[in-house]
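Asks: If you count by my numbering, then the sequence shown holds residues 8 to 148, one letter each, in order. C-beta: ideal position from N, C-alpha, C; glycine also. Keep in mind the model is a prediction, meaning the values are calculated, not measured.
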Amino acid sequence: MEFANKSLEEYLKKHGIKPSYQRMRIFDYLVQHKNHPTVDVIFRALVQEIPTLSKTTVYNTLKLFLEQGIVQLLVIEENETRYDADISTHGHFKCTECGHVYDIRIDLSCLDLSELKAHRVDEQHIYFKGTCNKCLNKNIN
8 MEFANKSLEE YLKKHGIKPS YQRMRIFDYL VQHKNHPTVD VIFRALVQEI PTLSKTTVYN
68 TLKLFLEQGI VQLLVIEENE TRYDADISTH GHFKCTECGH VYDIRIDLSC LDLSELKAHR
128 VDEQHIYFKG TCNKCLNKNI N
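1. Can you look up residue 136 in the DSSP assignment and give me helix, strand or coil?
2. Take residue 72 as the anchor and find which of 96, 29, 129, 144 has the nearest alpha-carbon.
3. Let me confirm a value: residue 135 is counted as buried when at least 16 other C-beta atoms fall within 10 Å, else exposed. Which label applies?
4. Just the C-alpha distance for residue 37 and residue 64, rounded to the nearest angstrom, thanks.
5. Can you name, in chain order, every residue of its own chain whose Cβ lies under 6 angstroms from the Cβ of residue 43, other than the five neighbours on each side?
6. Please report how far the alpha carbon of residue 40 lies from the alpha carbon of residue 33, in whole angstroms.
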């Protein structure tokens with residue numbers, strides 16, 4: 008997902024979000040940095056560019072984005088909340104060595120979900136934890 012400033016502004020408007028400069032920069036950061044950042048990471052990255060930015064603004068903006076369905080919340084660890092601008096159906100893999108979170112494409116048609124037919128599913132989360140290929144190779148050498 009890539010946006011020019013005008014299309015980013017239109018995307019936010021289409022989802023009922025007033026496209027202020029700070030909101031546009033926070034969303035653009037999520038789109039450009041696919042590292043599933045935390046509020047602290049987003050704040051530290053953008054406060055250099057936007058000195059008036061507060062952590063509260065980042066929290067409130069992300070809450071609005073969640074409510075409007077343009078980002079998803081990742082809670083892989085209980086004490087760590089991350090955000091993802093990719094709202095397509097996919098899973099995540101978190102490396103327990105380096106902490107990096109990777110997107111994992113999931114083909115739901117391969118899963119037997121027949122037991123869910125009698126239920127209404129509001130959310131789905133598929134997380135894996137382990138050691139990523141980079142860390143495995145680093146530990147071998």
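Replies: With the given structure in hand:
1. strand
2. 29
3. exposed
4. 15 angstroms
5. 81, 89, 91, 108
6. 10 angstroms
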